[in-house]
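**Student:**
Protein chains: 2
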Amino acid sequence: MAELSAGSSVVPTGTRGDTALRIAESAMCRDGRVMDLETFHKWFADLGRRIYTRAERVPIDELEGWDSDPVTGNIGHRSGGFFTIEGLDVHIADVAVPDWSQPIINQPEVGILGILVKEFDGVLHCLMQAKVEPGNCDGPQLSPTVQATRSNYRRVHRGRATPYLEYFRDTARHRVIADVRQSEQGSAFHHKRNRNMVVEVTEDVEPLDGFCWLSIGQLHRLLADDDMINMDARTVLACLPVAHTGLADVLRPGADGFRAALVRSCDPDAPGVWSMGDVLSWITDTRSRTDVRIRRVPLKALPGWRRVDGRISHESGRFFDVIGVRVEASGREVSRWCQPMVEPHGMGVVAFLVKRVDGVLHVLVHARVEAGYVDIVELAPTVQCTPANYEVLPGPARPRFLDAVLAADRGQIRYEAVLSEEGGRFYHARNRYLVIEADPGPGAQSGDYRWLTVHQLADLLRHSHYVNVQARSLIACLYSLAAAPAEA
Amino acid sequence: MAELSAGSSVVPTGTRGDTALRIAESAMCRDGRVMDLETFHKWFADLGRRIYTRAERVPIDELEGWDSDPVTGNIGHRSGGFFTIEGLDVHIADVAVPDWSQPIINQPEVGILGILVKEFDGVLHCLMQAKVEPGNCDGPQLSPTVQATRSNYRRVHRGRATPYLEYFRDTARHRVIADVRQSEQGSAFHHKRNRNMVVEVTEDVEPLDGFCWLSIGQLHRLLADDDMINMDARTVLACLPVAHTGLADVLRPGADGFRAALVRSCDPDAPGVWSMGDVLSWITDTRSRTDVRIRRVPLKALPGWRRVDGRISHESGRFFDVIGVRVEASGREVSRWCQPMVEPHGMGVVAFLVKRVDGVLHVLVHARVEAGYVDIVELAPTVQCTPANYEVLPGPARPRFLDAVLAADRGQIRYEAVLSEEGGRFYHARNRYLVIEADPGPGAQSGDYRWLTVHQLADLLRHSHYVNVQARSLIACLYSLAAAPAEA
Numbered sequence: 026m027a028e029l030s031a032g033s034s035v036v037p038t039g040t041r042g043d044t045a046l047r048i049a050e051s052a053m054c055r056d057g058r059v060m061d062l063e064t065f066h067k068w069f070a071d072l073g074r075r076i077y078t079r080a081e082r083v084p085i086d087e088l089e090g091w092d093s094d095p096v097t098g099n100i101g102h103r104s105g106g107f108f109t110i111e112g113l114d115v116h117i118a119d120v121a122v123p124d125w126s127q128p129i130i131n132q133p134e135v136g137i138l139g140i141l142v143k144e145f146d147g148v149l150h151c152l153m154q155a156k157v158e159p160g161n162c163d164g165p166q167l168s169p170t171v172q173a174t175r176s177n178y179r180r181v182h183r184g185r186a187t188p189y190l191e192y193f194r195d196t197a198r199h200r201v202i203a204d205v206r207q208s209e210q211g212s213a214f215h216h217k218r219n220r221n222m223v224v225e226v227t228e229d230v231e232p233l234d235g236f237c238w239l240s241i242g243q244l245h246r247l248l249a250d251d252d253m254i255n256m257d258a259r260t261v262l263a264c265l266p267v268a269h270t271g272l273a274d275v276l277r278p279g280a281d282g283f284r285a286a287l288v289r290s291c292d293p294d295a296p297g298v299w300s301m302g303d304v305l306s307w308i309t310d311t312r313s314r315t316d317v318r319i320r321r322v323p324l325k326a327l328p329g330w331r332r333v334d335g336r337i338s339h340e341s342g343r344f345f346d347v348i349g350v351r352v353e354a355s356g357r358e359v360s361r362w363c364q365p366m367v368e369p370h371g372m373g374v375v376a377f378l379v380k381r382v383d384g385v386l387h388v389l390v391h392a393r394v395e396a397g398y399v400d401i402v403e404l405a406p407t408v409q410c411t412p413a414n415y416e417v418l419p420g421p422a423r424p425r426f427l428d429a430v431l432a433a434d435r436g437q438i439r440y441e442a443v444l445s446e447e448g449g450r451f452y453h454a455r456n457r458y459l460v461i462e463a464d465p466g467p468g469a470q471s472g473d474y475r476w477l478t479v480h481q482l483a484d485l486l487r488h489s490h491y492v493n494v495q496a497r498s499l500i501a502c503l504y505s506l507a508a509a510p511a512e513a
Numbered sequence: 026m027a028e029l030s031a032g033s034s035v036v037p038t039g040t041r042g043d044t045a046l047r048i049a050e051s052a053m054c055r056d057g058r059v060m061d062l063e064t065f066h067k068w069f070a071d072l073g074r075r076i077y078t079r080a081e082r083v084p085i086d087e088l089e090g091w092d093s094d095p096v097t098g099n100i101g102h103r104s105g106g107f108f109t110i111e112g113l114d115v116h117i118a119d120v121a122v123p124d125w126s127q128p129i130i131n132q133p134e135v136g137i138l139g140i141l142v143k144e145f146d147g148v149l150h151c152l153m154q155a156k157v158e159p160g161n162c163d164g165p166q167l168s169p170t171v172q173a174t175r176s177n178y179r180r181v182h183r184g185r186a187t188p189y190l191e192y193f194r195d196t197a198r199h200r201v202i203a204d205v206r207q208s209e210q211g212s213a214f215h216h217k218r219n220r221n222m223v224v225e226v227t228e229d230v231e232p233l234d235g236f237c238w239l240s241i242g243q244l245h246r247l248l249a250d251d252d253m254i255n256m257d258a259r260t261v262l263a264c265l266p267v268a269h270t271g272l273a274d275v276l277r278p279g280a281d282g283f284r285a286a287l288v289r290s291c292d293p294d295a296p297g298v299w300s301m302g303d304v305l306s307w308i309t310d311t312r313s314r315t316d317v318r319i320r321r322v323p324l325k326a327l328p329g330w331r332r333v334d335g336r337i338s339h340e341s342g343r344f345f346d347v348i349g350v351r352v353e354a355s356g357r358e359v360s361r362w363c364q365p366m367v368e369p370h371g372m373g374v375v376a377f378l379v380k381r382v383d384g385v386l387h388v389l390v391h392a393r394v395e396a397g398y399v400d401i402v403e404l405a406p407t408v409q410c411t412p413a414n415y416e417v418l419p420g421p422a423r424p425r426f427l428d429a430v431l432a433a434d435r436g437q438i439r440y441e442a443v444l445s446e447e448g449g450r451f452y453h454a455r456n457r458y459l460v461i462e463a464d465p466g467p468g469a470q471s472g473d474y475r476w477l478t479v480h481q482l483a484d485l486l487r488h489s490h491y492v493n494v495q496a497r498s499l500i501a502c503l504y505s506l507a508a509a510p511a512e513a
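Residue numbers (the numbering used here), protein chains in the order written: chain A, 26 to 513; chain B, 26 to 513.
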């Protein structure tokens with residue numbers, strides 16, 4: 026953003042809308058203008074043989090560079106940077122499990138997740154990085170152009186400079202398409218936020234080794250693959266401005282009723298079950314009524330949690346462990362380091378129920394409390410849970426709509442893939458992401474659930490603290506269906 | 026918000042806009058349909074003779090019901106309700122005064138500030154309360170229908186029930202026009218937010234003693250008087266949805282160029298110096314770059330602050346004191362109580378610089394850091410300070426544009442009044458509020474200042490944490506000029 030001199034220039038309000046049409050055109054470009062998907066897959070496979078991380082489990086007490094505070098037991102890096110693992114004491118009134126304690130990652134720094142975009146042959150392409158991370162199960166995944174904590178890009182570990190960072194640190198010469206701080210997992214992080222950015226350049230940008238230009242249509246196709254598009258890329262893609270009244274002319278859904286309803290739902294003029302004022306008032310009401318007391322407490326002697334065998338585990342054996350890993354990597358800023366990670370137990374289920382209302386697709390969102398959120402409640406998927414955890418919790422804690430999701434038949438499943446959570450903090454954290462077209466009946470909106478249009482979600486995504494990271498992943502997946510060809 | 030059964034109903038997106046036109050019509054109704062202003066003033070003067078508060082200073086240690094914690098020195102109510110006074114340790118990098126300590130009011134509860142509105146003869150009227158508060162200088166002021174902390178309305182002090190509260194606690198049968206949690210003074214409160222609500226009813230509502238129905242036009246005229254419309258009423262009025270493309274037809278600014286530019290600035294299609302995307306990116310950037318470390322610390326032994334003569338004061342004698350008062354009141358829920366209050370030193374100056382850009386009024390806002398904000402930075406007036414404080418601070422701390430505001434001549438001053446801050450926590454806190462039409466030249470937008478349109482501010486006001494309480498007061502004052510007749 027260059028500074029304008031007084032009165033010299035005014036910006037017409039429509040410019041953002043035009044960006045939405047250009048994004049739609051890129052979504053319709055299913056095989057790119059720089060590298061087709063066949064070439065991409067060869068390039069990606071080749072890269073997967075050259076870059077790797079090997080993460081070896083080590084006891085937390087033996088993590089080089091990390092210490093446990095003798096009084097609190099909190100785990101921190103000797104530099105004071107990166108993150109700490111602390112304890113959290115949680116009380117939420119009027120829920121099935123109102124009181125618990127848990128370890129939490131405290132990472133107050135705001136990092137940058139940035140995708141650089143540029144037109145090739147008049148079509149927007151995203152500069153993506155094939156990145157390996159210690160927590161990922163199997164080889165590289167596609168990440169944003171820049172994915173860096175503040176400690177990273179300030180080079181606390183004295184590694185190499187983060188490539189392309191300057192485009193996001195100094196945007197004056199470029200066009201900012203999206204720029205919003207968004208939360209990450211409130212069950213694992215205390216107040217963590219990353220700055221999600223999309224910046225358009227017109228100048229030449231050379232892709233370094235490990236980087237490639239892909240159209241949004243190519244990324245949408247790759248989103249159908251398991252463990253291909255990483256969490257950080259998904260959340261940035263969800264923040265793209267997609268809402269526009271003229272989308273149907275570009276996306277041409279034709280006779281495909283589901284796609285037509287989805288495209289219509291991205292039109293800001295499409296009517297919703299609720300007005301935006303109703304939606305905001307509902308969120309305000311939920312946040313005002315929810316009686317939450319969150320205290321950061323010492324990790325040492327955290328009720329229900331034990332430090333045995335070099336890890337921190339819940340006495341039930343459920344939820345997650347805090348483990349230590351020693352990492353050896355090629356293709357990253359530094360090649361050897363140790364760190365604690367969070368290892369969840371069991372694969373999660375993350376699902377949107379969607380349905381058409383008068384030809385407009387609606388998404389059933391859940392106003393969800395998580396202990397680490399900055400502002401009490403964020404909008405979450407209809408279902409977001411690890412089913413195995415509920416075996417040790419009281420019956421009323423069983424998530425609503427989980428059974429409907431697990432029982433969905435083939436024809437109802439509009440999207441399904443197993444996707445990884447962030448591989449820098451989570452070890453082998455994978456969730457089954459689903460978009461299911463189903464109408465659970467008139468009682469669905471009782472309590473903390475509401476049917477929203479996609480343009481309402483897009484509007485909320487311009488601001489912080491409204492849409493949680495799992496919902497953002499699913500919104501990116503939902504967008505990937507808007508330009509998809511009808512199934513044969 | 027009644028729950029809708031699936032698919033039974035959709036809400037056209039235009040409904041909020043229609044509300045804006047009805048608000049504009051009420052703003053044009055300059056003397057109401059229920060009670061004209063002459064009658065109002067008689068009623069108000071009569072009430073001022075019947076209801077009163079007498080606040081007598083008492084040493085903090087002698088406040089009945091309040092104790093100082095022997096270890097921390099923090100001051101709290103024996104019930105655990107209301108609020109506490111604690112210490113805050115503040116570090117903000119790269120500013121003129123980067124480090125300080127101060128007492129802070131910790132009031133985590135979200136209270137309700139609610140105005141009930143209803144049509145009389147087709148014109149919206151607001152149910153306002155003439156309320157006396159211990160911190161006010163001189164008699165009652167007009168407050169919202171409901172102005173209640175959670176402790177109040179849960180009756181921690183076992184007083185009378187808050188009248189009209191049910192309209193805001195259960196909105197299912199009514200129409201919610203505005204509903205958003207907004208911050209209060211970040212220099213005095215830690216994370217304080219109140220829920221600003223406007224709820225429309227169609228059923229009969231009897232005004233109790235001390236309540237009256239006034240049109241928005243009448244409230245706008247009363248905003249020109251010193252100490253008449255209280256802070257809580259101003260912030261709720263600022264949250265009214267005013268933006269609409271059709272405003273000029275209702276407000277008819279005619280040949281008055283300033284009013285025409287103001288009305289045009291409320292039109293969502295009016296071009297701004299910046300796009301909304303630019304504005305949001307600028308706020309994100311400011312929040313991401315600002316390096317703030319805020320710690321709650323014991324009030325006891327707070328560096329620079331002394332507890333002498335029954336009050337807590339800064340060693341320079343500046344800023345504010347924490348004092349104790351014993352209150353005797355008629356016309357409130359309870360008639361006698363004690364409480365700590367914050368007494369600022371000196372009258373403040375709170376001003377917007379505004380200018381016309383291509384016929385659209387723009388407001389120069391300041392992205393301001395205050396220690397108590399939930400999210401680091403909020404948009405503040407161009408100038409917001411107590412000039413006397415700067416006598417003890419380094420020269421570079423002197424606020425930008427203060428001299429331009431103090432030097433403005435009569436013809437540039439579009440609005441001026443002395444208004445009180447909230448009289449329940451602040452003792453004799455008054456600020457001179459000004460709207461000044463002036464162009465400080467092309468350098469104005471350097472640093473943390475930007476020219477925004479009024480519709481951009483209205484858009485931000487639908488969400489929490491964007492516009493601070495002083496700016497909201499000034500926005501209410503600015504709105505009051507939109508329907509004003511041209512000066513003779």
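Beta carbons are placed, not taken as given, at the ideal position from N, Cα and C, and that holds for glycine.
Output, in sequence order along the chain, the residues in the stretch 474-501 of chain B whose CB is closer than 7 Å to any CB in chain A.
**Tutor:** The residues in question are ARG487 and HIS488.
**Student:** Between which two residues does the beta strand (DSSP E) carrying PHE69/B extend?
**Tutor:** Taking the second sequence and counting its residues from 1, the one referred to as residue 69/B is at position 44. Per DSSP, PHE69/B belongs to no beta strand (DSSP E); it is in the alpha helix (DSSP H), 62-75.
**Student:** Determine, using beta carbons only, whether ASP346/B and VAL322/B come nearer to each other than 9 Å.
**Tutor:** Within the second sequence, numbered from 1, the residue matching residue 346/B stands at position 321. Within the second sequence, numbered from 1, the residue matching residue 322/B stands at position 297. Cβ atoms of ASP346/B and VAL322/B: not closer than 9 Å.
**Student:** Would TRP514/B and GLN364/B qualify as a contact pair, given that the criterion is a beta-carbon distance under 9 Å?
**Tutor:** Only positions 26 to 513 of chain B appear in this structure, which leaves residue 514/B out of reach.
**Student:** In this structure, what does DSSP give as the bridge partners for LEU149/B?
**Tutor:** Stepping through the second sequence from its first residue, residue 149/B is reached at position 124. Looking at the DSSP assignment, LEU149/B forms a beta bridge with GLU144/B.
**Student:** Using a Cβ-Cβ cutoff of less than 6 Å, which residues in the same chain neighbour VAL479/A once the five nearest sequence positions on both sides are dropped?
**Tutor:** Numbered from 1 along the first sequence, position 454 holds the residue referred to as residue 479/A. Same-chain partners within the cutoff: SER290 and CYS291.
**Student:** Could you have a look at TYR415/B and say whether DSSP puts it in helix, strand or coil?
**Tutor:** Mapped onto the second sequence, residue 415/B falls at position 390. If DSSP states are grouped into helix, strand and coil, TYR415/B belongs with the helices.
**Student:** Just to confirm before moving on: does the CB-CB distance between ALA203/B and VAL261/B stay below 9 Å?
**Tutor:** Against the second sequence, residue 203/B aligns to sequence position 178. Against the second sequence, residue 261/B aligns to sequence position 236. Yes, the pair counts as a contact, with Cβ atoms nearer than the cut-off.
**Student:** Between which two residues does the beta strand (DSSP E) containing HIS199/B stretch?
**Tutor:** Here residue 199/B corresponds to residue number 174 of the second sequence, with the count starting at 1. HIS199/B -> no beta strand (DSSP E), and no H or E assigned at all.
**Student:** Please list the residues of the stretch 283-306 of chain B that have a C-beta atom closer than 9 Å to any C-beta atom in chain D, keeping them in chain order.
**Tutor:** This model lacks chain D altogether; the protein chains it does include are A and B.
**Student:** Would you kindly work out how many angstroms separate the C-alpha atoms of THR411/A and GLY342/A, rounded to a whole number?
**Tutor:** As a working note, residue 411/A is residue 386 in the first sequence. As a working note, residue 342/A is residue 317 in the first sequence. If you take the alpha carbons of THR411/A and GLY342/A, they lie about 14 Å apart.
**Student:** Would CYS162/B and VAL205/B qualify as a contact pair, given that the criterion is a beta-carbon distance under 9 Å?
**Tutor:** As a working mapping, residue 162/B is identified with position 137 in the second sequence. As a working mapping, residue 205/B is identified with position 180 in the second sequence. For CYS162/B and VAL205/B, no; Cβs fall outside 9 Å.
**Student:** Should VAL333/A and ARG82/A be called a contact, given that it needs their Cβ atoms to be closer than 9 Å?
**Tutor:** Here the question's residue 333/A lines up with position 308 in the first sequence. Here the question's residue 82/A lines up with position 57 in the first sequence. Contact flag unset, no.
**Student:** Is there a Cβ from chain B that is less than 9 Å from the Cβ of ARG198/A?
**Tutor:** For the purposes of this step, residue 198/A is identified with residue 173 of the first sequence, where counting begins at 1. Answer no: the Cβ-Cβ gap between ARG198/A and chain B never drops below 9 Å.
**Student:** What do you get for LEU233/A, buried or exposed, if any count of 16 or more other CB atoms within 10 angstroms of its CB means buried?
**Tutor:** Your numbering for residue 233/A matches position 208 in the first sequence. LEU233/A is exposed by the Cβ-count criterion.
**Student:** For ASP257/B, count neighbouring Cβ atoms within 10 angstroms of its own Cβ and tell me buried if that reaches 16, exposed if not.
**Tutor:** Taking the second sequence and counting its residues from 1, the one referred to as residue 257/B is at position 232. Flag for ASP257/B reads buried.
**Student:** Kindly list, in the order they appear in chain B, the residues whose Cβ is closer than 9 Å to that of ASP250/A.
**Tutor:** Working through the first sequence from its first residue, we reach residue 250/A at position 225. Within chain B, no residue comes near ASP250/A; the closest Cβ sits about 31 Å away, beyond 9 Å.
**Student:** Quick one: which chain B residues come within Cβ less than 7 Å of ARG47/A?
**Tutor:** As a first step, residue 47/A must be located in the first sequence, where it is residue number 22. Under the 7 Å cutoff, chain B gives no residues; its nearest Cβ is about 14 Å from ARG47/A.
**Student:** Among PHE236/B, VAL201/B, ALA197/B and VAL96/B, whose alpha-carbon lies nearest the alpha-carbon of THR187/B?
**Tutor:** By 1-based counting over the second sequence, the position of residue 187/B is 162. Residue PHE236/B is the option with its Cα nearest to THR187/B.
**Student:** In three-state terms, what does DSSP make of ASN161/B?
**Tutor:** Numbered from 1 along the second sequence, position 136 holds the residue referred to as residue 161/B. Coil.
**Student:** Please decide whether ARG22/A counts as near chain B, where near means a Cβ-Cβ distance under 9 Å.
**Tutor:** Because chain A here runs from 26 to 513, residue 22/A falls outside it and cannot be looked at.
**Student:** Here's the rule I'm using: 16 or more other beta-carbon atoms within 10 Å means buried, otherwise exposed. How should ASP434/B be labelled?
**Tutor:** The sequence position of residue 434/B within the second sequence is 409, counting from 1. It counts as exposed.
**Student:** Where does GLY139/B sit, in a helix, a strand or coil, going by DSSP?
**Tutor:** Stepping through the second sequence from its first residue, residue 139/B is reached at position 114. Residue state, collapsed to three classes: strand.
**Student:** Given that a residue counts as buried once 16 or more other Cβ atoms are within 10 Å of its Cβ, and exposed if not, what is GLY242/B?
**Tutor:** Residue 242/B sits at position 217 when you count from the first residue of the second sequence. Buried.
**Student:** With PHE377/B and LEU499/B assumed to form a contact (beta carbons below 8 Å), what rounded beta-carbon distance in angstroms separates them?
**Tutor:** On the second sequence, position 352 is the one that residue 377/B refers to. On the second sequence, position 474 is the one that residue 499/B refers to. With 8 Å as the limit, PHE377/B and LEU499/B qualify as a contact, their Cβ atoms being about 5 Å apart.
**Student:** Note down, in chain order, each residue of its chain lying with its Cβ closer than 8 Å to the Cβ of PRO159/B, except the 5 sequence neighbours on either side.
**Tutor:** Along the second sequence, one-based indexing puts residue 159/B at 134. Within the same chain, PRO159/B has close Cβ partners THR78, ALA80, VAL350, VAL352, ALA354, GLN364, MET366, GLY448, GLY449 and TYR452.
**Student:** Suppose you measure from the CA of VAL443/A to the CA of PRO419/A; what does that come to, to the nearest Å?
**Tutor:** In the first sequence, residue 443/A corresponds to position 418, counting from 1. In the first sequence, residue 419/A corresponds to position 394, counting from 1. Their backbone Cα atoms lie some 28 Å apart in a straight line.
**Student:** Which complete beta strand (DSSP E) runs does the stretch 453-487 of chain B hold, if anything under 3 residues is left out?
**Tutor:** Runs of the beta strand (DSSP E) inside the stretch 453-487 of chain B: 455-462 and 474-478.
**Student:** Just checking: is the beta-carbon of TRP202/B within a distance shorter than 9 Å of some beta-carbon in chain A?
**Tutor:** Locating residue 202/B in the second sequence gives position 177, counting from the first residue. As written in the sequence, residue 202/B is Ile, which differs from the Trp given in the question. At least one chain A Cβ lies under 9 Å of ILE202/B.
**Student:** Who are the near neighbours of PHE193/A in its chain, counting only those whose CB is closer than 7 Å to its CB and skipping five residues on each side?
**Tutor:** For the purposes of this step, residue 193/A is taken as residue 168 along the first sequence, with counting starting at 1. Cβ neighbours of PHE193/A beyond the five flanking positions: ILE137, GLY139, VAL171, MET222 and VAL224.
**Student:** Mind checking whether MET372/A and ARG457/A have CB atoms under 9 Å apart?
**Tutor:** Taking the first residue of the first sequence as position 1, residue 372/A is located at position 347. Taking the first residue of the first sequence as position 1, residue 457/A is located at position 432. For MET372/A and ARG457/A, yes; Cβs fall inside 9 Å.
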